[in-house]
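**Student:** With our numbering, letter number 46 in the sequence shown gets 47, and the count goes up by one each step, no holes.
By construction, the Cβ of each residue, glycine as well, lies at the ideal position given by its N, Cα and C atoms.
The structure presented is a predicted model; accordingly, all values stated were derived computationally and were not measured.
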Amino acid sequence: MTQEKNTSICPTCEGKKVIAGTCECNMEWRGTQKGDNWEDCQCTPEVECPTCHGTGLIKSGK
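The structure is reproduced here in structure tokens:
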């Protein structure tokens with residue numbers, strides 16, 4: 002594992018560069034109708050990590 006001496010792996014995204022989206026499914030509520038089917042799941046999209054801005058690394062400050 003090669004890293005610059007003044008950087009470390011981002012603790013927020015754990016070096017993955019993005020925060021994964023999440024999905025919640027519930028038969029009790031109906032979200033969106035797609036064609037003849039109702040979509041019971043609400044999902045958030047994957048977003049760039051706000052801590053490292055998509056680099057996967059942060060400056061360690063040492």
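Across which residues does DSSP place K60 in a beta bridge pair?
**Tutor:** Here the question's residue 60 lines up with position 59 in the sequence shown. K60 pairs with T8.
**Student:** Thinking just about the alpha-carbon of each residue, which of T52, S61 and K60 is nearest to the one in I20?
**Tutor:** Numbered from 1 along the sequence shown, position 19 holds the residue referred to as residue 20. Per the Cα distances, T52.
**Student:** Only counting the same chain, and skipping five residues up and downstream in sequence, which positions put a Cβ closer than 8 angstroms to that of T23?
**Tutor:** On the sequence shown, residue 23 is found 22 positions in, with the first residue counted as 1. Here the set comprises C44 and T45.
**Student:** So what does T33 bridge to, in DSSP terms?
**Tutor:** Taking the first residue of the sequence shown as 1, we reach residue 33 at position 32. T33 pairs with E40.
**Student:** Indicate the three-state DSSP secondary structure (helix, strand or coil) for C14 in the structure shown.
**Tutor:** For this step, residue 14 is matched to residue 13 along the sequence shown. In the structure shown, C14 sits in coil (DSSP, three-state: anything other than H, G, I, E or B).
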